[in-house]
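Engineer: Structure incoming, see below.
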Amino acid sequence: MQPSGAGVLQVEPTDHCNLRCRMCAPHHEGWETVHGIPRGMLDPDLWDAVLDTFVRDDLRFDHIIFQWLGDPSLHPELPRLVGSAANRLGDRVGYLRVDTNAIVLRPARIDALLAPFVGSDGPPLLVVVTIDAHTPATYAHVKGVDALRGVRRHVRHLVRARSRLGARVNLQLQFVVQEGNETELADFLTYWTDLLACQAQGPWHDEVMFKRLSVGGGGPGQAAADARYEAAVAKAGLKRGPQGPVHVELWENRPWQQDDAHADAPRGPCPGLWLTPVIRHDGALLMCCADLHSELTLGNLRDTSFRALWEGRQATALRLAHLAGRFDGVCAGCGGINWYETTPEMVAAARARGRTLGLEEPT
Numbered sequence: 461m462q463p464s465g466a467g468v469l470q471v472e473p474t475d476h477c478n479l480r481c482r483m484c485a486p487h488h489e490g491w492e493t494v495h496g497i498p499r500g501m502l503d504p505d506l507w508d509a510v511l512d513t514f515v516r517d518d519l520r521f522d523h524i525i526f527q528w529l530g531d532p533s534l535h536p537e538l539p540r541l542v543g544s545a546a547n548r549l550g551d552r553v554g555y556l557r558v559d560t561n562a563i564v565l566r567p568a569r570i571d572a573l574l575a576p577f578v579g580s581d582g583p584p585l586l587v588v589v590t591i592d593a594h595t596p597a598t599y600a601h602v603k604g605v606d607a608l609r610g611v612r613r614h615v616r617h618l619v620r621a622r623s624r625l626g627a628r629v630n631l632q633l634q635f636v637v638q639e640g641n642e643t644e645l646a647d648f649l650t651y652w653t654d655l656l657a658c659q660a661q662g663p664w665h666d667e668v669m670f671k672r673l674s675v676g677g678g679g680p681g682q683a684a685a686d687a688r689y690e691a692a693v694a695k696a697g698l699k700r701g702p703q704g705p706v707h708v709e710l711w712e713n714r715p716w717q718q719d720d721a722h723a724d725a726p727r728g729p730c731p732g733l734w735l736t737p738v739i740r741h742d743g744a745l746l747m748c749c750a751d752l753h754s755e756l757t758l759g760n761l762r763d764t765s766f767r768a769l770w771e772g773r774q775a776t777a778l779r780l781a782h783l784a785g786r787f788d789g790v791c792a793g794c795g796g797i798n799w800y801e802t803t804p805e806m807v808a809a810a811r812a813r814g815r816t817l818g819l820e821e822p823t
C-alpha cells in the first residue's frame with residue numbers, strides 16, 4: 461500500500477542486537493560498527509525535541525516504525541520513546557509500530573509499552589514480532605540463539621495484557637522465508653492461529669506475515685531467495701486473506717526493481733528517497749532504509765529540523781538525479797526498492813522544489 465504524507469519514518473532506538481540472524485550481515489558477521497559510527501542508544505530528550513518540531517511544522521507520516529538495524533527492546537526507555545509519540549502526534553501519524561524479536565520484552569516492559577494505548581484516542585500501536593521458525597531447533601539455526609520458548613511466552617503475555625487492559629494494540633507475527641526454515645510455514649500459521657483463537661477475541665487486527673528475504677539491494681542470491689519463497693508458499697498452500705482470528709499476509713512484490721534475475725528490468729527513481737526517511741540512533745536523518753552505511757545522510761536533527769533537511773538542497777538534488785536516471789554512490793549498487801511507487805505527484809513536487817531552490821535537473 462502506498463504510504464501517505466512524508467511516508468514511513470523509521471526511528472532507530474538502538475543498533476545493538478541480541479541475535480545473530482543469518483539474513484542480517486551486520487550482526488551475523490559481527491561487524492564492529494553497523495553504520496560506521498559507534499553503536500549507541502537514541503537520547504529520549506532528543507526524540508522529544510524532534511517530536512516538538514514535527515508538531516510545530518505539522519509533519520505527517522503514514523506510520524512510524526521504531527526499529528532499524530538493532531532490536532528496540534534493548535533500549536531501556538523504549539516505552540517512553542513510543543509513548544511520547546503516541547501522546548504528542550495525534551492524527552499526524554496513522555499508527556506507531558515496534559519491530560522486535562521480543563526476547564527481552566518481558567511482562568513488566570510489555571505492560572509499560574501498552575499503557576499509552578489504554579483509553580486513548582491517539583494513534584494505535586502495531587507490535588511486529590519477527591520469529592521466522594516453528595521449532596526451537598530451526599529458530600536457533602536461523603536466529604543464532606535458542607530463544608523461541610521465551611519469545612512465545614512474551615507474545616502470550618502481550619495478547620493477554622492487551623485484552624485485560626483494552627489496549628489499542630494490534631499484532632503481526634512475521635516469518636521471513638530463508639534457507640533452513642522453508643518447511644515450517646504451515647505449522648507456524650497453525651500454531652499462532654490456534655493460540656490467537658483461544659486468547660485474542662476482540663476488536664484487534666492481527667496478522668501472520670510471510671515475507672521474502674531481501675538480499676543486498678537485489679544482488680547475488682535475490683533470485684534464489686524469491687524462488688525459495690514462492691515454492692514454500694505454494695507447498696504450504698497459503699492464501700492471502702482472513703483465516704480464523706488472523707489475516708494472512710503474503711509479500712507478493714519482488715523487493716527490488718532490479719535484481720540478479722531481472723538485471724535488465726527498467727529502473728525508475730527510487731520511491732525510498734521520498735517515502736523512507738530514517739532517524740539513526742544519534743539523531744542523523746537519512747534518506748533510505750536500505751542505506752546501511754549512511755551514505756545518504758542529510759544532517760543531524762540536533763541542529764536542523766526534519767523539514768529543512770527533507771526538503772533541502774541535498775535531498776532535492778538526489779531526487780532530481782534519480783528522475784534523470786542517474787544512480788550514483790550507494791544507489792548505483794542497489795536495485796531500487798519495489799514495494800512503493802514513485803507517483804507523478806511526487807515527481808512534480810520534487811521538480812517544483814528544485815525550481816524553488818534554483819537547482820537544475822541533471823540531464
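Heads up: the sequence shown at position 126 corresponds to 586 in the working numbering, and the numbers run straight through without jumps.
C-beta atoms are modelled at their ideal positions from N, C-alpha and C, and glycine is treated no differently.
The model shown is predicted, which means the values in this text are computed figures rather than measured ones.
Based on Cα-Cα distance, which residue from Leu534, Val587 and Leu529 lies nearest to Val564?
Structural biologist: Nearest option by C-alpha distance: Leu534.
Engineer: Classify Tyr651 as helix, strand or coil using the three-state DSSP reduction.
Structural biologist: Helix.
Engineer: Since Asp522 contacts Pro596 with CB under 8 Å, what's their CB separation in whole angstroms?
Structural biologist: With 8 Å as the limit, Asp522 and Pro596 do not qualify as a contact, their Cβ atoms being about 36 Å apart.
Engineer: Is there contact between the segment 636 to 646 and the segment 655 to 674, where contact requires at least three CB pairs shorter than 8 Å?
Structural biologist: Because the criterion of three Cβ pairs below 8 Å is met, the segment 636 to 646 and the segment 655 to 674 touch.
Engineer: Thinking C-beta only, is Val790 closer than 8 Å to Leu756?
Structural biologist: Yes, these two residues count as a Cβ contact at 8 Å.
Engineer: Just to confirm, is the Cβ distance from Gln682 to Asn798 under 8 Å?
Structural biologist: No; because the gap between Cβ atoms is not below 8 Å, this pair is not in contact.
Engineer: Tell me which same chain residues have a C-beta within less than 6 Å of the C-beta of Ala646, skipping the five on either side of it?
Structural biologist: If we look at Ala646 and ignore the five residues flanking it on each side, its Cβ neighbours are Ala696.
Engineer: The alpha helix (DSSP H) spanning Val515 covers which residue range?
Structural biologist: Here the alpha helix (DSSP H) through Val515 covers Pro504 to Arg516.
Engineer: Do Asp475 and Gly550 come within 8 Å of each other at the CB atom, strictly closer than that value?
Structural biologist: Against a cut-off of 8 Å, the Cβ pair of Asp475 and Gly550 comes out as no contact.
Engineer: Closest by CA to Phe648, which one among Ala621, Val605, Cys658 and Leu698?
Structural biologist: The shortest C-alpha separation from Phe648 is found at Leu698.
Engineer: Is the segment 553 to 568 in contact with the segment 613 to 621, if contact means three or more CB pairs nearer than 8 Å?
Structural biologist: Judged by Cβ distances under 8 Å, the segment 553 to 568 makes contact with the segment 613 to 621, as three or more pairs qualify.
Engineer: Between Met747, Arg727, Gly772 and Asp508, which has its C-alpha nearest Leu735's C-alpha?
Structural biologist: If we check each option's Cα against that of Leu735, Met747 comes out closest.
Engineer: Helix, strand or coil for Ala744? Go by DSSP, reduced to three states.
Structural biologist: In the structure shown, Ala744 sits in a strand (DSSP, three-state: E or B).
Engineer: Does the distance from the CB of Gly796 to the CB of Arg727 come in under 8 Å?
Structural biologist: The answer is yes: Cβ separation under 8 Å.
Engineer: Find the nearest neighbour of Thr802 within the set Cys794, Gly814 and Leu783, judged by alpha-carbon distance.
Structural biologist: When each option's Cα is compared against that of Thr802, the closest is Leu783.
Engineer: Which term fits Thr823, buried or exposed, when burial requires 16 or more other beta carbons within 10 angstroms of its beta carbon?
Structural biologist: Thr823 comes out exposed.
Engineer: Should Thr598 be labelled buried (16 or more other beta-carbon atoms within 10 Å of its own) or exposed?
Structural biologist: So Thr598 counts as buried.
Engineer: Going by the CB atoms, is the gap between Ala621 and Leu655 shorter than 8 Å?
Structural biologist: Going by C-beta atoms, Leu655 is not nearer than 8 Å to Ala621.
Engineer: If Asp559 and Val588 are in contact, beta carbons under 8 Å, what's the gap, nearest whole angstrom?
Structural biologist: The pair is a contact, with the Cβ atoms about 4 Å apart (cut-off 8 Å).
Engineer: Is the beta carbon of Gly554 less than 8 Å from the beta carbon of Pro583?
Structural biologist: Yes.
Engineer: Is there contact here, the segment 699 to 714 with the segment 658 to 668, by at least three beta-carbon pairs under 8 Å?
Structural biologist: In short, these stretches touch, since the Cβ pair count reaches three.
Engineer: From which residue to which residue does the alpha helix (DSSP H) around Leu733 run?
Structural biologist: Unbroken alpha helix (DSSP H) run through Leu733: Gly732 to Leu735.
Engineer: Measure the Cβ-Cβ separation of Pro702 and Gly467 and say whether it is below 8 Å.
Structural biologist: Not closer than 8 Å, so no.
Engineer: Would you decide whether Gln661 is buried or exposed? Buried here means 16 or more other CB atoms lie within 10 Å of its CB.
Structural biologist: Flag for Gln661 reads exposed.
Engineer: For a minimum of 3 consecutive residues, which ranges assigned as the beta strand (DSSP E) are wholly contained in the segment 554 to 614?
Structural biologist: Fully enclosed beta strand (DSSP E) runs of 3 or longer: 585 to 590.
Engineer: Count the other CB atoms, across all protein chains shown, that sit within 10 Å of the CB of Cys730; report buried if there are 16 or more and exposed otherwise.
Structural biologist: Cys730 comes out buried.
Engineer: Hey, out of Glu805, Ala750 and Ala781, whose CA is closest to Val494's CA?
Structural biologist: Nearest C-alpha to Val494: Ala750.
Engineer: Give the DSSP-derived three-state secondary structure of Val668 in the structure shown.
Structural biologist: Looking at Val668 - three-state DSSP - the assignment turns out to be strand.
Engineer: Measuring only the C-alpha atoms, how far is Ala812 from His601?
Structural biologist: If you take the alpha carbons of Ala812 and His601, they lie about 50 Å apart.
Engineer: If you draw a straight line from the C-alpha of Pro532 to the C-alpha of Ala562, how long is it?
Structural biologist: Rounded to the nearest angstrom, the two C-alpha atoms are 9 Å apart.
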